[in-house]
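Participant: The opening position of the sequence shown corresponds to residue -15 in our numbering, with each subsequent residue numbered one higher. C-beta: ideal position from N, C-alpha, C; glycine also. No experiment lies behind these values; they were computed from the predicted model shown.
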Amino acid sequence: MYVPPKTLTNDDLAKMVDTTDSWISTRTGIKVRHVAEPGTGTSELCLEASRRALADAGVDPKELDFVVVGTLTPDMPFPSTACFVQMGLGAAQAYAMDLGAACSGFIYSLSVADALIRSGRGKKGLVVGGEILSSVVDYTDRSTCILFGDGAGAVVLAECEEGEGVLSCHLHSDGNLWELIHCPGGGTIDPCNPGTSTVRTNFIKMLGNETFKHAVTRMAEVSLEALERNGVGVEDVALFIPHQANQRIVSAVGKRMGVPEKKVFMNLERYGNTSAASIPIALAEAKSQGRYSKGDLVLLVAFGGGLTWGSALLRM
Ligand SMILES: CC(C)(COP(=O)(O)OP(=O)(O)OC[C@H]1O[C@@H](n2cnc3c(N)ncnc32)[C@H](O)[C@@H]1OP(=O)(O)O)[C@@H](O)C(=O)NCCC(=O)NCCS
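(1) Run the proximity test for Ser127: is its beta-carbon closer than 6 angstroms to any non-hydrogen atom belonging to ligand 1?
(2) What first and last residue would you give for the beta strand (DSSP E) that runs through Trp293?
(3) Could you pull the DSSP bridge partners for Glu115 from this structure?
(4) In the DSSP assignment, find the unbroken beta strand (DSSP E) run with His18 in it and report its ends.
(5) Hey, is the segment 116 to 128 in contact with the segment 74 to 83, meaning 3+ C-beta pairs nearer than 8 angstroms?
(6) Assess, as a yes-or-no matter, whether the segment 218 to 226 is touched by the segment 247 to 256 under the definition of 3 or more beta carbon pairs within less than 8 angstroms.
(7) Less than 7 angstroms between the C-beta atoms of Val282 and Val237, yes or no?
(8) Cβ of Thr26 within 6 angstroms of any heavy atom in ligand 1?
(9) Taking the beta carbon of Arg184 as the centre, do at least 16 other beta carbons fall within 10 Å, making it buried, or is it exposed?
(10) Taking all protein chains shown into account, decide if Ser277 is buried (16 or more other Cβ within 10 angstroms of its Cβ) or exposed.
(11) Restricting to Cα atoms, I'd like to know which of Arg213, Ile173 and Ala229 is closest to Gly192.
(12) When the Cα of Ile263 is compared with those of Val1, Ile165, Ala33 and Asn177, which residue comes out closest?
(13) So, with DSSP's three-state summary, where would you put Tyr123?
(14) Do Ile14 and Val121 have their CB atoms nearer than 7 angstroms?
(15) On the DSSP bridge list, what partners appear for Leu83?
(16) Take the Cβ of Arg102 as the centre, count every other Cβ of all protein chains shown within 10 Å, and call the residue buried at 16 or more, exposed below.
(17) Would DSSP call Gly169 helix, strand or coil?
(18) Please work out which residues of its chain come closer than 8 angstroms, Cβ to Cβ, to Arg36, disregarding the five sequence neighbours upstream and downstream, and give them in chain order.
(19) Chain D beta carbons: is any one of them nearer than 7 angstroms to that of Asp280?
(20) On the DSSP bridge list, what partners appear for Ile225?
(21) With a threshold of 16 other CB atoms inside 10 Å of the CB of Pro175, please say whether the residue is buried or exposed.
(22) Assuming Lys107 and Asp49 are in contact, meaning their beta carbons sit under 8 angstroms apart, how far apart are those beta carbons, in whole angstroms?
(23) Consider the C-beta atom of Ile173 and the heavy atoms of ligand 1; say whether any pair is separated by less than 6 angstroms.
(24) What does DSSP give as the partner residue(s) for Thr(-7) in the beta ladder?
(25) Using 8 angstroms for Cβ pairs, my map puts Ala86 next to Leu56. What's the rounded Cβ distance?
(26) What residue range is occupied by the uninterrupted alpha helix (DSSP H) comprising Ser259?
(27) Starting from the C-beta of Pro61, find all residues in its chain whose C-beta is less than 6 angstroms away, skip the five residues before and the five after it, and write them out in chain order.
(28) Using a Cβ-based criterion (distance less than 6 angstroms to any ligand heavy atom), does Ala229 qualify as near ligand 1?
(29) Taking the alpha-carbon of Leu252 as reference, which of Asp(-4), Thr3 and Thr10 has the nearest alpha-carbon?
(30) Is Ser272 helix, strand or coil by DSSP?
(31) CB Leu110 to CB Val51, shorter than 7 angstroms?
(32) From which residue to which residue does the alpha helix (DSSP H) around Cys67 run?
(33) Between the Cα of Asp98 and those of Gly149, Glu163 and Val53, spot the shortest distance and give me the residue it belongs to.
(34) What number of angstroms, rounded off, separates the C-alpha of Val53 from the C-alpha of Phe90?
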């Protein structure tokens, strides 16, 4: 994982919009988020996270067959952020692509990477989630600017025996609910132009309350789907790693599923919602903190704009 060094505390935000540390902490669980310097490419964060993942796995970039980057904040419309990561790593044999599934971007990317390996389109790949959400956050809108942060996380995925690694992935979408969380500007409908930033269409728009309800229902459903598919129960899972959106969302999901709090990994307090980066950042921290052991079952679950949601059950 990698996050840019600069931080934005709740007190910093309270100087920018009408809010308080206590409101943000109570309603979200977030205390601090990291933000990149303006003009930074998301690929720079992805590259550093990828180098760390490759070093940890003892894999040379030249062994990689593919690079998949989940992001909603690419360096530019094209080429893909993944191509910049591939170039930076010198992963000469790897094909590279981005995947857009908003905050579910890492699980979607993991699912695609898993399918690529299973179908023989590569033996070893890099799966990355990276975002510079500060580039699409409206720092005059107190209902959204408090939530989001920047960062990247990466994993090396390689061929393994059946029953190890990614056991199953479960993906869902509902485009009917696209308006709940979206960024209207910067695409073909409303291309970037000098007027865009004055009408603020190039920033995240969100109906927080509605999004909250769908997040709780869908994350619980898709977690249970993964457990049922694999014939295991909550008690068999060593660690649950949810997308870090809001402490109250995660608590409500945990309560619905009967997951004890100590089995749920949280680091939201220090990073905020980093969208596609949140799960791989959490995975990296869970690993370094010894929160799971070899052979353990770990359940990943995410929810995001689209709407999109998904889960993956891993045998570590
Ligand atoms: C955004 C979120 C924290 C707002 O919390 P909430 O409890 O739903 O609060 P509401 O939107 O109902 O707003 C309640 C009040 O707080 C106010 N408020 C909103 N943001 C505020 C802030 N940062 N500081 C102080 N007050 C704030 C609202 O204006 C509203 O005031 P009003 O009652 O006078 O109209 C919450 O809805 C949320 O986390 N939603 C999910 C968002 C998410 O995770 N998105 C990403 C999904 S991947």
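Facilitator: The structure says:
(1) yes
(2) Thr292 to Arg299
(3) Gly135
(4) Val16 to His18
(5) no
(6) yes
(7) no
(8) no
(9) exposed
(10) exposed
(11) Ala229
(12) Ala33
(13) coil
(14) no
(15) Gly54
(16) exposed
(17) coil
(18) Met(-15), Tyr(-14), Ala138 and Ala268
(19) Of the protein chains in this structure there is only one, and it is not chain D.
(20) Leu284
(21) exposed
(22) 6 angstroms
(23) no
(24) Val16
(25) 5 angstroms
(26) Here Ser259 belongs to no alpha helix (DSSP H), and DSSP marks it neither H nor E.
(27) none
(28) yes
(29) Thr10
(30) helix
(31) yes
(32) Thr65 to Leu73
(33) Gly149
(34) 8 angstroms
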